[in-house]
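First the structure, in the form of C-alpha cells, and then the observations on it.
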C-alpha cells in the first residue's frame, strides 16, 4: 500500500518510523496448534516503546492495507490483541510460544498478524504510532 505521508520503506517492512526504517514481523517455530511453538519477532521498532501483536481473519485490500496512523492497517475482522511488549533497546519484541492457545486458533484456519506500536518521538507523520509489516499464518493440527 501507499504509506500515509510518503514514508515508504523497503519491501517486507512497515512504513518508515522515527528510527529511519520500517518494522518487520517474522515467525519461528511451527504453526501446529498441538505443538503451539509458534513465536513472532518484531524488529525495527522504536526502542523501549510499547507494541501490541494483533490478528484478524481478513487481509485489508488483499494485504496491501489502508493508511492508519503513521503506517498501514493490513488486517481486520474478529481482531484479537495478543499481548503488549516493550521493545528492547535494540528495537525488538517477541511473542509466544503459546499463541495458538491464547488466541484459540483452530487447525485449518488462517489468521493475519501485525504489530501496532507507539512512536511518540519524531514520528514521521505526526500520529505517534505505526504498524509493522503483516503476515499470514496457516494453522495446522
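In my numbering, the protein residues as written are 64 to 204. Just so you know, even glycine gets a beta-carbon here, dropped at the ideal spot from N, CA and C.
Whole-angstrom Cβ separation of residue i and residue j, contact assumed at under 8 Å?
i, j, result
"residue 87", "residue 107", "5 Å"
"residue 143", "residue 158", "Not quite, the Cβ-Cβ distance comes to about 12 Å (not below 8 Å), so this is no contact."
For residue i, which residues of its own chain have a beta-carbon under 7 Å away from its beta-carbon, when the five flanking residues on both sides are left out?
i, result
"residue 182", "80, 81, 109, 112, 133, 191, 192, 193"
Taking DSSP as the reference, what is the three-state secondary structure of residue i?
i, result
"residue 125", "helix"
"residue 95", "strand"
"residue 102", "strand"
"residue 115", "strand"
"residue 130", "strand"
"residue 120", "coil"
"residue 82", "coil"
"residue 108", "coil"
If I measure Cβ to Cβ from residue i and keep anything under 8 Å in the same chain, skipping five residues before and after, which residues do I get?
i, result
"residue 187", "68, 70, 78, 79, 80, 81, 133, 193"
Tell me which same chain residues have a C-beta within less than 6 Å of the C-beta of residue i, skipping the five on either side of it?
i, result
"residue 170", "96, 202, 203, 204"
In chain order, which beta strand (DSSP E) runs of at least 3 residues are fully inside the segment 147-204? The segment 147-204 contains these whole beta strand (DSSP E) runs: 156-158, 173-181, 192-194, 198-201.
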